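I have placed the structure first, in the form of structure tokens, so that the comments after it can refer back to it.
In this note's numbering, the protein residues as written are 40 to 298.
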């Protein structure tokens with residue numbers, strides 16, 4: 040059975056059939072799902088999903104796109120919700136310079152990234168990191184925090200070079216691998232997956248985004264993770280069953296979801 044370590048089932052893309060889709064997960068080979076917060080004001084949606092579905096867990100945090108909307112009150116709420124039994128990580132947090140080119144915005148993102156990493160450390164929770172076109176700054180901040188003692192984490196939707204992957208792997212962190220690994224032009228990611236030990240990979244969708252081949256461009260769901268597992272298996276010369284088994288164990292160990 041597969042664990043999807045990063046999904047957004049609170050997204051409006053699922054408003055028409057959320058219940059039916061989620062109730063089909065077990066028969067589709069999906070055992071557990073981590074629904075990940077992203078926006079200011081969106082925490083309750085994840086809490087509702089966690090409380091309604093036994094197989095859904097949560098991660099609480101704010102995506103860098105919303106960093107400028109964050110207040111001390113937001114940080115206090117993240118800390119409060121992190122105490123919930125099924126809240127397994129702080130995320131998704133990080134840096135995104137793709138849409139935000141201004142240095143002032145970068146400084147706000149870095150400040151809120153650090154503030155949320157502080158919560159992860161103090162509450163003894165792993166983190167889930169979003170990083171886009173911010174490779175150096177993300178790596179430097181994560182390295183600084185890992186040297187000070189953290190509880191591990193996932194570099195979500197890893198998209199950088201093998202060399203940067205090596206730095207994160209040396210720190211004992213996990214790489215989140217999703218639909219992009221099935222794309223023909225994803226040369227860098229394929230090289231990274233071949234290089235990285237299976238013991239430091241986890242499966243994720245980022246649904247409704249990032250659908251793998253053969254469903255690229257359509258709404259993504261956890262049911263597509265078998266295609267991701269197969270792609271990883273082919274790159275590593277092992278079976279998809281082994282990929283599913285080891286990545287499930289990795290997710291259970293890091294996120295503490297064993298039952």
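Idealized CB from N, CA, C, for every residue including glycine. All values derive from a computational prediction rather than experimental measurement.
Nearest-angstrom Cα separation, counted from residue j out to residue i
{"i": "residue 143", "j": "residue 128", "result": "28 Å"}
{"i": "residue 145", "j": "residue 134", "result": "8 Å"}
{"i": "residue 274", "j": "residue 293", "result": "24 Å"}
{"i": "residue 83", "j": "residue 237", "result": "34 Å"}
{"i": "residue 295", "j": "residue 167", "result": "14 Å"}
{"i": "residue 174", "j": "residue 284", "result": "30 Å"}
{"i": "residue 261", "j": "residue 112", "result": "33 Å"}
{"i": "residue 48", "j": "residue 141", "result": "31 Å"}
{"i": "residue 92", "j": "residue 61", "result": "8 Å"}
{"i": "residue 7", "j": "residue 267", "result": "Since the first and last residues shown for the chain are 40 and 298, residue 7 lies out of range."}
{"i": "residue 196", "j": "residue 169", "result": "7 Å"}
{"i": "residue 228", "j": "residue 220", "result": "6 Å"}
{"i": "residue 185", "j": "residue 208", "result": "12 Å"}
{"i": "residue 235", "j": "residue 152", "result": "26 Å"}
{"i": "residue 254", "j": "residue 269", "result": "14 Å"}
{"i": "residue 210", "j": "residue 203", "result": "11 Å"}
{"i": "residue 214", "j": "residue 55", "result": "32 Å"}
{"i": "residue 85", "j": "residue 177", "result": "26 Å"}
{"i": "residue 118", "j": "residue 158", "result": "6 Å"}
{"i": "residue 288", "j": "residue 44", "result": "12 Å"}
Burial state of residue i (16 or more Cβ within 10 Å)
{"i": "residue 103", "result": "buried"}
{"i": "residue 77", "result": "buried"}
{"i": "residue 39", "result": "The first residue shown for the chain is 40 and the last is 298, placing residue 39 beyond what the model contains."}
{"i": "residue 188", "result": "exposed"}
{"i": "residue 109", "result": "buried"}
{"i": "residue 74", "result": "buried"}
{"i": "residue 71", "result": "buried"}
{"i": "residue 259", "result": "buried"}
{"i": "residue 155", "result": "buried"}
{"i": "residue 161", "result": "exposed"}
{"i": "residue 286", "result": "buried"}
{"i": "residue 224", "result": "exposed"}
{"i": "residue 297", "result": "exposed"}
{"i": "residue 256", "result": "exposed"}
{"i": "residue 107", "result": "exposed"}
For residue i, the first and last residue of its enclosing beta strand (DSSP E)
{"i": "residue 44", "result": "41-46"}
{"i": "residue 192", "result": "192-194"}
Three-state class that DSSP yields for residue i in the structure shown
{"i": "residue 77", "result": "coil"}
{"i": "residue 71", "result": "strand"}
{"i": "residue 180", "result": "helix"}
{"i": "residue 170", "result": "strand"}
{"i": "residue 243", "result": "coil"}
{"i": "residue 127", "result": "strand"}
{"i": "residue 104", "result": "helix"}
{"i": "residue 271", "result": "helix"}
{"i": "residue 208", "result": "helix"}
{"i": "residue 214", "result": "strand"}
{"i": "residue 96", "result": "strand"}
{"i": "residue 262", "result": "helix"}
{"i": "residue 135", "result": "strand"}
{"i": "residue 53", "result": "helix"}
{"i": "residue 199", "result": "coil"}
Given residue i as reference, the closest of the options once Cα atoms are compared
{"i": "residue 180", "options": "132, 214, 240", "result": "132"}
{"i": "residue 263", "options": "223, 225, 216, 109", "result": "216"}
{"i": "residue 299", "options": "55, 51, 66", "result": "This structure leaves residue 299 out entirely; the chain is present only between 40 and 298."}
{"i": "residue 137", "options": "297, 213, 172, 204", "result": "172"}
{"i": "residue 81", "options": "94, 99, 269", "result": "99"}
{"i": "residue 193", "options": "201, 239, 200, 157", "result": "239"}
{"i": "residue 183", "options": "149, 257, 200", "result": "149"}
{"i": "residue 121", "options": "280, 165, 68", "result": "165"}
{"i": "residue 51", "options": "281, 248, 161, 289", "result": "248"}
Cβ of residue i within 9 Å of any chain C Cβ
{"i": "residue 291", "result": "Reference to chain C is not applicable here, since this structure consists of a single protein chain."}
Extent of the continuous alpha helix (DSSP H) to which residue i belongs
{"i": "residue 154", "result": "142-161"}
{"i": "residue 87", "result": "82-91"}
{"i": "residue 283", "result": "279-294"}
{"i": "residue 61", "result": "57-62"}
{"i": "residue 118", "result": "111-120"}
{"i": "residue 229", "result": "226-234"}
heavy atom of the ligand GDP below 8 Å from residue i C-beta
{"i": "residue 232", "result": "In the structure shown, the ligand GDP is absent, as is every other ligand, since no ligand is present at all."}
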